[in-house]
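Comments concern the structure below.
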Amino acid sequence: QKEVEQDPGPLSVPEGAIVSLNCTYSNSAFQYFMWYRQYSRKGPELLMYTYSSGNKEDGRFTAQVDKSSKYISLFIRDSQPSDSATYLCAMSPTGNQFYFGTGTSLTVIP
Amino acid sequence: GAVVSQHPSWVICKSGTSVKIECRSLDFQATTMFWYRQFPKQSLMLMATSNEGSKATYEQGVEKDKFLINHASLTLSTLTVTSAHPEDSSFYICSAGGTSGKETQYFGPGTRLLVL
């Protein structure tokens with residue numbers, strides 16, 4: 018079993034839709050949770066960073082962590098064509114070792 | 013803040029030559045740097061983790077004599093692909109973690125290597 022599971026998609030939504038991206042994990046020691054956005058042929062860009070459980074909002078993006086269910090989510094409101102990218106979840110127990118999901122490819126259609 | 017640069021962004025070389033890729037953390041001290049490679053439409057594959065001043069820790073299956081990593085300072089790590097072959101052609105991405113206030117990684121923009 019992989020440490021982190023993420024549906025690779027692809028996911029295609031119309032502009033303005035709410036997008037939900039999810040990852041599950043098996044290691045209860047994970048404390049740090051991240052979402053990265055990667056455009057084609059670019060390095061990943063940190064979108065959201067959360068420590069422990071709870072919600073965090075930044076503009077159109079909301080990250081949720083449910084440690085009891087070992088489940089994290091990223092919601093994108095009012096999705097835009099510029100949100101079309103691959104989204105990677107990542108998590109870490111200590112901040113020194115990181116585990117990545119395989120990425121979900123998202124396309125927002127104008 | 014938390015900017016990581018990579019140089020070069022693009023390199024083409026002949027088979028058998030060596031290529032050096034630099035990774036710099038521009039506005040924070042990176043106690044740990046990571047090197048990844050990524051094939052088209054695939055996820056990141058961690059190659060090695062390096063801490064400043066010590067030898068890198070390589071992932072299983074990564075040849076340490078082929079992919080030389082040096083982390084000489086808190087702001088600079090280099091990856092040298094020695095005796096490159098066409099199968100080494102890939103997208104190489106570094107990331108830095110450390111004293112930026114968050115337990116996370118910040119990625120560089122990547123280096124695309126093509127070996128002819």
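Residue numbers (the working numbering), protein chains in the order written: chain A, 18 to 127; chain B, 13 to 128. For each residue, glycine too, the CB sits at the ideal point set by N, CA and C.
Query	Result
Here's a check: name, in chain order, each residue in its chain whose Cβ is nearer than 7 Å to the Cβ of residue 20 (chain A), leaving out the five neighbours to either side.	42, 43, 44 and 116
Could you give the distance in angstroms between the alpha-carbon of residue 85 (chain B) and the alpha-carbon of residue 42 (chain B)?	8 Å
According to a CB-to-CB cut-off of less than 9 Å, which residues of the stretch 103-124 of chain A neighbour chain B?	103, 105, 107, 109, 111, 112, 113, 114, 115, 117, 118, 119, 120 and 122
In or out: residue 47 (chain B) buried (at least 16 other Cβ within 10 Å) or exposed?	buried
Thinking residue 94 (chain B) and residue 17 (chain B) are a contact (beta carbons under 8 Å), I'd like their distance in whole angstroms, please.	Not quite, the Cβ-Cβ distance comes to about 23 Å (not below 8 Å), so this is no contact.
Which value, in whole angstroms, describes the spacing of the CA atoms of residue 87 (chain B) and residue 70 (chain B)?	20 Å
What did DSSP end up calling residue 83 (chain A) once you bin it into helix, strand or coil?	strand
Does any residue of chain B have a CB that is nearer than 8 Å to the CB of residue 27 (chain A)?	no
In chain order, what residues of the same chain have a beta carbon less than 8 Å from the beta carbon of residue 98 (chain A), not counting five sequence neighbours either side?	32, 125, 126 and 127
Mind checking residue 128 (chain B): buried by the 16 CB within 10 Å criterion, or exposed?	exposed
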